[in-house]
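Numbering (UniProt numbering), first residue to last: 1 to 74.
The structure under discussion appears below in the form of structure tokens.
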Amino acid sequence: MILLRLKEQIDSYGPCSRRQLADAFGLSEDGIEAMVEIWLKRGEIQRVYCLQAGQSQCFYKCVNREDIAVDVYL
Numbered sequence: 001m002i003l004l005r006l007k008e009q010i011d012s013y014g015p016c017s018r019r020q021l022a023d024a025f026g027l028s029e030d031g032i033e034a035m036v037e038i039w040l041k042r043g044e045i046q047r048v049y050c051l052q053a054g055q056s057q058c059f060y061k062c063v064n065r066e067d068i069a070v071d072v073y074l
């Protein structure tokens, strides 16, 4: 199932952007966002926002068992 493959991709390669995931799966960024949203609601993945030079990038990473899933801003 593609949802499991998506989570495995994020778990294996560390923080991934929507663009990286869209390229890896041959999907649109909106399609990736819709699937990632399922894992976000389950608390299995978290968003990490990186703010540099006035630009914002969003990455996704898997949550460890002892972590709490929250949005992180760097």
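The beta carbon of each residue, even a glycine, is placed where N, CA and C say it ideally should be.
The beta strand (DSSP E) with residue i in it runs from where to where?
i: SER12; result: Note, SER12: premise wrong, no beta strand (DSSP E); alpha helix (DSSP H) at 2 to 13.
i: SER28; result: No beta strand (DSSP E) holds SER28; DSSP gives it neither H nor E.
i: VAL48; result: 45 to 52
Going by DSSP in three states, residue i sits in which element: helix, strand or coil?
i: LEU40; result: helix
Considering just the uninterrupted stretch of the alpha helix (DSSP H) at residue i, what are its terminal residues?
i: ARG19; result: 18 to 25
What do you get for residue i, buried or exposed, if any count of 16 or more other CB atoms within 10 angstroms of its CB means buried?
i: TYR60; result: buried
i: LEU21; result: buried
i: LEU51; result: exposed
i: LYS41; result: exposed
My understanding is that residue i touches residue j, with C-beta atoms under 8 Å, so please give their C-beta distance in whole angstroms.
i: VAL63; j: GLY43; result: 6 Å
i: MET35; j: LEU3; result: 6 Å
i: GLU29; j: ARG19; result: 6 Å
i: CYS58; j: SER17; result: 7 Å
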